[in-house]
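Residue numbers (full-length UniProt numbering): 1 to 244.
1. Using 10 angstroms around the beta-carbon of residue 52, count the other beta-carbons present and answer buried if the total reaches 16, otherwise exposed.
2. Considering just the uninterrupted stretch of the alpha helix (DSSP H) at residue 72, what are its terminal residues?
3. For residue 88, which residues of its own chain have a beta-carbon under 7 Å away from its beta-carbon, when the five flanking residues on both sides are left out?
4. Suppose the cutoff is 7 Å on Cβ atoms and the five residues either side in sequence are ignored; what does the same chain contact list for residue 26 look like?
5. Taking DSSP as the reference, what is the three-state secondary structure of residue 228?
6. With the cut-off set at 9 Å, would you say residue 65 and residue 74 are in Cβ contact?
7. Given this structure, state the Cα-to-Cα distance separating residue 43 from residue 167, to the nearest angstrom.
8. Please list, in chain order, all residues of the same chain as residue 157 whose beta carbon is under 6 Å from its beta carbon, the five residues on each side excluded.
9. Quick one: what does DSSP say residue 130 is sitting in, helix, strand or coil?
10. Rounded to whole angstroms, what is the Cα-Cα separation between residue 155 and residue 146?
11. Just verifying my parser: in three-state terms, what is the DSSP assignment at residue 92?
12. Considering only DSSP beta bridges, list what residue 37 is partnered with.
13. Quick one: give me the first and last residue of the alpha helix (DSSP H) that residue 6 is part of.
14. First and last residue of the alpha helix (DSSP H) that includes residue 173?
15. Where does the unbroken alpha helix (DSSP H) through residue 110 begin, and where does it stop?
16. Helix or strand or just coil, what does DSSP make of residue 183?
17. Go ahead and label residue 8 buried or exposed: buried means 16 or more other beta carbons lie within 10 angstroms of its beta carbon, across all protein chains shown.
18. Taking 6 Å as the limit between beta carbons, can you name the residues of its chain near residue 81, skipping five residues before and five after?
19. Evaluate residue 212 with the Cβ neighbour count: other Cβ atoms within 10 Å of its Cβ, from every protein chain shown; 16 or more gives buried, anything less gives exposed.
20. Hey, out of 90, 160, 226 and 22, whose CA is closest to residue 103's CA?
21. Using 10 angstroms around the beta-carbon of residue 141, count the other beta-carbons present and answer buried if the total reaches 16, otherwise exposed.
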């Protein structure tokens, strides 16, 4: 309990709150369907990866920059943090994530925000398949974190912030993607336009995408790897359909 009286402990908890807020804000923001610039798989993966790398570099010396309840639990199991610190970290991460999603929700136009990239099953993915994918995505992330921050390594492991950022980006390259429900406008030139006979000419492809009629789909779950990232948009939008 002595940790509660430590200023360093309070700073670390606040750092987790702030880091998770910023991570969710920028990460979810990169997945918004703006009609003039639809998000790509690479854009989303790079945004989440760069976000983690930046925050680990900026705040890692204060709290360790877990920014993820799964990472905190793994550190608890590995005896890297106390039960008390782990509990406060997880609470700060969840609150920070919800705050970041709520802030993004409020500053984004209603016809753009959609469901704030909430994690959901797609392309006939079953719950069992989704759990397996998330287990492997989170496994490679936690493995990368433990390996890149292991003080027992003799050789220079490089910059942990960079390797952890790459790990997050790698997970999103698998878990996030455009399904066959979306086709860029420049690929529609040689497609069948028979369905356009009854379409309002004032509604172009970009407009339909922004309103959700042909929205980009996701592979598997949309890549969570982070319970706080999954909880935040679900709380703000009230969509808990696949929130297991």
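Yeah, the Cβ is synthetic: ideal placement off N, Cα and C, and Gly gets one too.
In short, the structure shows the following:
1. buried
2. 69-77
3. 13
4. 47 and 51
5. helix
6. no
7. 15 Å
8. 148
9. helix
10. 15 Å
11. helix
12. 34
13. Note, residue 6: premise wrong, no alpha helix (DSSP H); not H, not E.
14. 160-175
15. 110-113
16. With a pLDDT of only 38 at residue 183, under the threshold of 50, the placement of this residue in the model should not be trusted, and no figure is reported.
17. exposed
18. 75
19. Per-residue confidence for residue 212 stands at a pLDDT of 37, beneath the threshold of 50, marking its modelled position as unreliable; the derived number appears in the next sentence. That one is exposed.
20. 22
21. buried
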